[in-house]
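Residue numbers (the numbering used here), protein chains in the order written: chain G, 4 to 116; chain C, 2 to 111.
We put the beta carbon where it would ideally sit given N, CA and C, even for glycine.
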Amino acid sequence: DTGVSQDPRHKITKRGQNVTFRCDPISEHNRLYWYRQTLGQGPEFLTYFQNEAQLEKSRLLSDRFSAERPKGSFSTLEIQRTEQGDSAMYLCASSRLGQNTYTFGSGTRLTVV
Amino acid sequence: KQEVTQIPAALSVPEGENLVLNCSFTDSAIYNLQWFRQDPGKGLTSLLLIQSSQREQTSGRLNASLDKSSGRSTLYIAASQPGDSATYLCAVSLEGKLIFGQGTELSVKP
């Protein structure tokens with residue numbers, strides 16, 4: 004297992020388009036997290052899953068954002084009708100329930116033009 | 002609402018200097034506190050984890066302390082090297098998620 008994988012690494016899209024990102028966590032990790040990071044800021048929590056259940060969503064996650072983890076393995080984050088303010092690095096992390104260590108992926112950098 | 006603040010926002014030091022990065026948080030009801038390193042354009046690498054019942058953790062040239070009652074943590078880096086240049090983030094763990102500070106961008110000059 005090579006860690007948490009995110010795809011794509013970079014995405015440039017036009018305003019108004021929909022985009023989808025994928026995260027593959029470490030296989031034995033049952034918790035998966037999405038964070039958003041803008042330039043010069045720390046990551047902000049968006050949502051997290053325990054297995055396939057989405058346990059919490061931040062108020063940052065507007066109606067245009069949706070996340071899924073259908074089989075408790077990989078997860079997708081979709082942004083509909085992208086806006087310039089959505090430009091950021093989207094980070095995925097995974098952990099095992101009961102353990103405090105988190106493994107982060109390299110992120111997907113989204114640029115909305 | 003838990004807020005995490007890091008001071009300074011940026012720091013430039015000559016190689017070999019010892020340095021301290023500061024982190025403060027507003028709610029002492031944390032599960033643990035972690036320090037991460039982030040290289041430009043990359044994800045986060047965990048450096049040190051301090052449980053809420055602990056006072057400090059050490060790994061090599063790094064030492065992190067935690068004072069829950071005052072809502073403070075420090076990351077001490079001894080004998081800094083150019084390879085230490087990165088952004089350092091602290092995060093508190095609360096109810097299953099991490100809440101991050103804005104980071105300290107460290108530059109170590111040869």
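- [ ] Note down, in chain order, every chain G residue with its Cβ under 7 angstroms from the Cβ of residue 23 of chain C.
- [x] Along the second sequence, read from residue 1 onward, the residue named residue 23 of chain C stands at position 22. In chain order: nothing, as chain G lies at least about 14 angstroms away.
- [ ] Name the residue from G/40, G/45, G/82 whose alpha carbon lies nearest to the alpha carbon of residue 18 of chain G.
- [x] Translated into the one-based positions of the first sequence, residue 18 of chain G becomes position 15. Of the candidates G/40, G/45, G/82, the one whose C-alpha sits nearest the C-alpha of residue 18 of chain G is G/82.
- [ ] Determine the burial state of residue 51 of chain C: buried for a count of at least 16 other Cβ atoms within 10 Å of its Cβ, exposed for fewer.
- [x] For the purposes of this step, residue 51 of chain C is identified with residue 50 of the second sequence, where counting begins at 1. By the 10 Å Cβ count, residue 51 of chain C comes out buried.
Open item on the list: Please return the same chain residues whose Cβ sits closer than 7 angstroms to the Cβ of residue 85 of chain C, not counting the five positions on each side in sequence.
Closed with: Position 84 of the second sequence, counted from the first residue, corresponds to residue 85 of chain C. Counting only Cβ-Cβ distances below 7 angstroms, and skipping sequence neighbours, we find 78, 107, 109.
Open item on the list: Strictly under 8 angstroms for the Cβ-Cβ distance: is residue 93 of chain G near chain C by that measure?
Closed with: Looking up residue 93 of chain G in the first sequence gives position 90. No, residue 93 of chain G does not count as interfacial toward chain C.
TODO: Please determine, among C/94, C/88, C/57, C/81, the residue with the shortest C-alpha to C-alpha distance to residue 103 of chain G.
DONE: Along the first sequence, read from residue 1 onward, the residue named residue 103 of chain G stands at position 100. Closest by alpha carbon: C/94.
TODO: Classify residue 27 of chain G as helix, strand or coil using the three-state DSSP reduction.
DONE: Walking along the first sequence from the start, residue 27 of chain G turns up at place 24. The answer is strand: DSSP assigns residue 27 of chain G an E or B state.
TODO: Under 8 angstroms by Cβ, that's how I've got residue 48 of chain G and residue 99 of chain C pegged, so tell me the actual separation to the nearest angstrom.
DONE: Position 45 of the first sequence, counting from 1, holds the residue named residue 48 of chain G. Position 98 of the second sequence, counting from 1, holds the residue named residue 99 of chain C. Indeed they touch by this definition, with Cβ atoms about 7 angstroms apart.
TODO: State whether the stretch 48-64 of chain C contacts the stretch 29-37 of chain C, with contact taken as three or more CB pairs (one from each stretch) at a distance under 8 angstroms.
DONE: The stretch 48-64 of chain C makes contact with the stretch 29-37 of chain C; the number of CB pairs closer than 8 angstroms reaches 3 or more.
Open item on the list: Residues of chain G with CB closer than 9 angstroms to the CB of residue 101 of chain C, please, in chain order.
Closed with: By 1-based counting over the second sequence, the position of residue 101 of chain C is 100. Near residue 101 of chain C (Cβ distances below 9 angstroms), the residues of chain G are 38, 40, 44, 45, 46, 47, 48.
Open item on the list: Would you say residue 59 of chain G lies against chain C (beta-carbon separation less than 8 angstroms)?
Closed with: Here the question's residue 59 of chain G lines up with position 56 in the first sequence. With its beta carbon less than 8 angstroms from one in chain C, residue 59 of chain G belongs to the interface.
Task: Spatial neighbours of residue 14 of chain G in its chain, beta-carbon cut-off 8 angstroms, leaving aside the 5 residues before and after - done: Position 11 of the first sequence, counting from 1, holds the residue named residue 14 of chain G. The beta carbon of residue 14 of chain G sits closer than 8 angstroms to those of 22, 24, 111, 112, 113, 114, all from its chain and outside the five residues before and after it, given in chain order.
Open item on the list: When you compare the CB positions of residue 7 of chain G and residue 108 of chain G, do they come within less than 8 angstroms of one another, or not?
Closed with: One-based indexing of the first sequence puts residue 7 of chain G at position 4. One-based indexing of the first sequence puts residue 108 of chain G at position 105. The criterion of a C-beta distance shorter than 8 angstroms is satisfied by residue 7 of chain G and residue 108 of chain G.
Task: Validate contact between the stretch 11-19 of chain C and the stretch 72-81 of chain G using beta carbons, cut 8 angstroms, 3 pairs - done: In the pairwise beta carbon analysis, the stretch 11-19 of chain C is classified as not touching the stretch 72-81 of chain G: fewer than three pairs are separated by under 8 angstroms.
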